[in-house]
Every structure is written in structure tokens, then in C-alpha cells.
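What follows is a set of notes on a single structure, which appears directly below.
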Amino acid sequence: MEKCKGKDEAIENFRFTGKLVSHCIYGSGHINDTFLLTFEDGQGRQSKKILQRMNKDIFARPVELMDNIVNVTTYLRERILENGGDPDRETLNVIPALDGKPYYVDSEGEYWRAYQFIVGASCYDQVEKPEDFYQSAVSFGNFQKLLADFPADTLHETIPGFHDTAARFAALKRAVEKDICGRAASVKEEIAFAYAHEGLGDILGVQELPLRVTHNDTKLNNIMIDDATGKGICVIDLDTVMPGLAVNDFGDSIRFGASTAVEDETDLSKVHCDMDLFEIYTKGFIEGCKGSLTAKELEMLPMGAKVMTFECGIRFLADYLEGDHYFKIHREGQNLDRCRTQFRLVEDMEKKWDIMREIVRKYS
Ligand code: ADP
Ligand code: GN1
Ligand code: MG
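Number 470 marks the last residue of the sequence shown (our numbering); no jumps.
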């Protein structure tokens with residue numbers, strides 16, 4: 107059982123029932139500290155819960171963040187019920203703290219939250235079956251469609267400028283100039299690649315793309331696929347649900363799920379953007395959005411993929427230069443490896459640009 111300061115205190119302060127029988131670090135998210143807790147009742151029946159220590163370096167206003175999550179999940183619950191679905195499995199369900207708040211602040215000032223564990227479903231770090239990727243596309247498209255009438259003005263901006271690619275580029279430039287870890291000289295090629303693609307930061311902003319309530323972090327491992335039916339059951343990781351662009355949600359899924367390699371692959375010869383997976387996702391996302399995407403949004407889907415991949419690459423590079431304080435790493439150089447896979451994917455998309463556009467046209 108892993109040690110983590112404040113965890114035991116947090117466990118005692120949520121409305122969990124039964125006796126805690128095990129707890130372990132869980133999942134492969136880069137941001138929060140996630141734990142799986144197992145409780146047992148008097149009859150020996152087990153139930154699982156997710157406990158998370160929110161990353162307050164990244165989410166500076168955890169109370170506002172939880173306000174968003176409660177509002178969004180309450181809204182989704184109503185829509186899911188209207189559609190005859192099961193809100194206990196199809197949306198996150200927040201477990202309140204003993205004082206009724208949707209979070210607990212421990213004696214060190216760390217913020218914790220708890221969710222019902224979604225049973226009989228799995229998250230994937232890489233596509234194992236193309237059908238899973240298709241299912242994730244339908245779910246992310248549908249998620250956006252479900253939130254179409256959510257009052258966007260009630261949402262707090264949890265990370266300002268989250269997908270402002272031009273601002274991300276400016277942040278990279280500052281990181282290069284400051285070079286606080288003395289790493290810039292060893293990543294000249296990556297910096298040159300980023301600088302040569304600076305223009306990508308300005309492309310989406312000048313298009314007429316509607317602001318929608320979007321997820322903004324549509325990685326394959328932020329969706330749960332039902333083990334029995336193979337259907338995309340629940341969109342999770344709602345920390346960045348904010349007004350945003352549909353093409354970015356599309357693009358972030360492509361950069362992660364349509365890659366033939368994991369995000370931190372060190373052998374770049376394995377890294378490609380797979381056009382069969384691109385096609386499967388395109389079909390599913392457009393279907394999931396159920397006719398709500400405008401002609402301009404459809405046209406810009408490939409650009410969303412390229413921009414999101416580039417943006418993620420420069421974020422990884424900036425974090426590497428700044429000493430890996432944003433994205434969790436499990437080995438030295440991991441953020442640099444992540445940056446390299448993203449840049450390789452951008453190059454590959456450039457080679458396959460006409461094919462990508464043709465695929466989008468086919469389903470538009
Ligand atoms: P991060 O922001 O660090 O990515 P996530 O909220 O995505 O954190 O959670 C990390 C992982 O924990 C997910 O990828 C998933 O595997 C698992 N997880 C999170 N919430 C649940 C849940 N309610 N039920 C089951 N697994 C979950
Ligand atoms: C982070 O939280 P997680 O691991 O699902 C990040 C995303 C990046 C992604 C790269 C809040 O996502 O923006 O695209 O890592 N989330 C945040 O894998 O910064
Ligand atoms: Mg996540």
C-alpha cells in the first residue's frame with residue numbers, strides 16, 4: 107500500500123461506508139494523484155471508490171473546479187435520464203465529504219475529491235481494438251452534443267488559455283530563453299521544429315468556429331469502455347470542461363489515439379498517425395455530434411488534429427526545459443520523449459494531409 111501524505115485523513119473525511127480493505131495508486135493520468143479504494147460491508151460485499159488529490163499547482167482554484175464538475179455532472183445526469191440511460195455508470199458521480207462539500211481540504215491544505223468507481227469498464231492508453239476508438243469518438247461527440255445547451259457562462263475557466271496555442275508557443279519561447287535547467291542546447295532540433303511551426307498557433311483563432319462547451323482533454327484514457335458491451339460508457343476527467351472548440355476535442359483524440367505508438371515511445375520509427383484509425387475516429391465523432399458541426403468545423407477537423415498535436419508537443423518541450431514540474435514523469439527525459447512523438451506525428455500528418463482532408467470530406 108503506497109504512502110501518501112494526507113490520504114488517510116482524506117479517506118476518513120468522505121462519506122464512504124464499510125471497512126477499507128485496500129488502497130493503491132491508480133491509472134496513468136499525468137496531472138492528479140489517483141487512488142483506488144476498496145471497502146467491504148458486513149456481508150463481505152466489496153465496493154470500489156476513486157479518491158483523487160487534485161493538483162493545485164495546476165488548478166489554482168479547486169473550489170471553482172469542483173463547482174464546474176458538480177454542475178456539469180448534475181446536468182449530464184438529467185440528460186442521461188431523459189435519454190433512458192444509466193446515470194450511475196454514464197457520468198462521474200461525486201461522493202461528498204462528511205461536511206457535504208464536494209471536496210475535502212486536508213490539514214496540509216491539499217484538496218481531495220472522491221468518485222464512485224465505474225465498474226465493469228476500462229480505460230486504454232493505446233488503441234487495442236479499432237472498435238474501442240470508434241466508441242470513444244461517438245462518446246466524445248455525444249458528450250459535446252449533450253452539453254450543447256449547458257449554460258456556458260456558469261463555467262469557471264479552470265486553466266486560463268488552456269488551448270491558446272499561440273500563448274503556449276510564447277511560453278515555450280520564454281522557457282527556451284530562460285533555460286533554467288541548462289537543457290536547451292541538447293534539444294536544438296526540437297526547438298527548431300517548434301519555431302518553424304510557430305504559425306500553427308494562429309490558425310484556428312482566425313476561423314469562424316463556434317465556442318461550445320467542450321471537454322478539452324479528450325485522450326483515450328479519459329473515457330471508460332464497457333467491458334461487456336464494448337460501448338463507450340462514460341467520459342471522465344472533467345477538470346477542463348470549459349468553452350472551447352470542437353475541432354480541438356477532435357484533434358486531441360487523434361494525437362493520442364490515432365498514433366501507432368504510446369505517447370512516450372522512444373523509438374520514433376514506430377510513431378505514425380494511422381489513417382485507418384483517423385478514419386474510424388472521424389466517422390464516430392461526426393456521428394456522435396449528430397449533425398451539430400458547422401461546415402467550417404468539419405473543414406477544420408484535420409487542422410484541429412495538427413494544432414493539438416503541435417500544442418501538446420510544445421507543452422511537453424517547455425516542461426522539459428523548465429524541469430518537469432507540470433506533467434508527471436516516471437523517468438528522466440520522459441517529457442522530451444513525449445515531445446518528440448508529438449512532433450513526429452505533426453510531420454506525419456503533414457505528409458498525409460490530403461488523405462486526412464479526403465477522409466473528413468467523405469463523412470461530412
Ligand atoms: P488525470 O487528470 O490525472 O488524468 P483522471 O481523472 O483522468 O486524472 O483519472 C486517472 C485515471 O483514473 C483514469 O484514466 C481512469 O483510469 C481512472 N479513473 C478516474 N475516475 C474513475 C472512475 N470514476 N471510475 C473508474 N476509473 C476512474
Ligand atoms: C494531461 O490529465 P491527463 O493526463 O488526462 C493534460 C492534457 C494533455 C495530456 C497529455 C489538465 O491530461 O492537456 O493533453 O496530459 N491535462 C491537463 O497526455 O493539463
Ligand atoms: Mg486523465
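Idealized CB from N, CA, C, for every residue including glycine.
Test: residue i CB closer than 9 Å to a CB of chain B
i           : result
residue 398 : Protein chains in the displayed structure number just one, and chain B is not present.
Proximity of residue i and residue j at Cβ, strictly below 9 Å
i           : j           : result
residue 383 : residue 411 : no
residue 131 : residue 110 : yes
residue 271 : residue 307 : yes
residue 366 : residue 246 : no
residue 258 : residue 420 : no
residue 344 : residue 189 : no
residue 465 : residue 385 : yes
residue 454 : residue 377 : yes
residue 395 : residue 423 : no
residue 231 : residue 134 : yes
residue 348 : residue 264 : yes
residue 278 : residue 409 : no
residue 427 : residue 356 : no
residue 123 : residue 153 : yes
residue 389 : residue 243 : yes
residue 415 : residue 461 : no
residue 163 : residue 431 : yes
residue 241 : residue 112 : no
Rounded distance between the beta-carbons of residue j and residue i, thought under 8 Å
i           : j           : result
residue 262 : residue 170 : 4 Å
residue 126 : residue 145 : 6 Å
residue 268 : residue 320 : Not confirmed; about 10 Å, so no contact.
residue 449 : residue 304 : Actually they do not touch by this definition, with Cβ atoms about 13 Å apart.
residue 403 : residue 315 : 6 Å
residue 159 : residue 139 : 4 Å
residue 220 : residue 155 : 6 Å
residue 333 : residue 228 : 6 Å
residue 381 : residue 458 : 6 Å
residue 121 : residue 201 : 6 Å
residue 186 : residue 157 : Their Cβ separation, rounded to whole angstroms, is 24 Å, which puts residue 186 and residue 157 out of contact at 8 Å.
residue 276 : residue 282 : That belief does not hold up - the Cβ atoms of residue 276 and residue 282 are roughly 11 Å apart, past 8 Å.
residue 451 : residue 379 : 5 Å
Decide if the segment 351-359 is in contact with the segment 423-439; the criterion is three or more beta carbon pairs, one per stretch, under 8 Å apart.
no
In chain order, what are the residue ranges of uninterrupted beta strand (DSSP E) at least 3 long that sit wholly in the segment 346-417?
348-350
Closer than 5 Å to the ligand ADP: residues, by C-beta to nearest heavy atom, in chain order:
133, 135, 137, 138, 140, 156, 221, 223, 224, 229, 327, 342 and 343
Take every Cβ of the segment 219-233, pair it with every Cβ of the segment 338-347, and state whether three or more of those distances are shorter than 8 Å.
yes
Inter-stretch contact (C-beta, 8 Å, three-pair minimum) for the segment 238-255 and the segment 180-189
yes
Going along the chain, which unbroken runs of the alpha helix (DSSP H) with 4 or more residues stay wholly within the segment 173-220?
193-196
Whole alpha helix (DSSP H) runs in the segment 303-337 with 4 or more residues, listed along the chain?
306-309
Cβ contact (3+ pairs, closer than 8 Å) linking the segment 199-213 and the segment 310-330
no
Do the segment 387-403 and the segment 366-375 touch if we need at least three Cβ pairs shorter than 8 Å?
no
Counting only runs that start and end within the segment 422-466, where is the alpha helix (DSSP H) found for 4 or more residues in a row?
440-457
Runs of alpha helix (DSSP H) lying entirely within the segment 231-293, each at least 4 residues, in chain order
236-252 and 271-284
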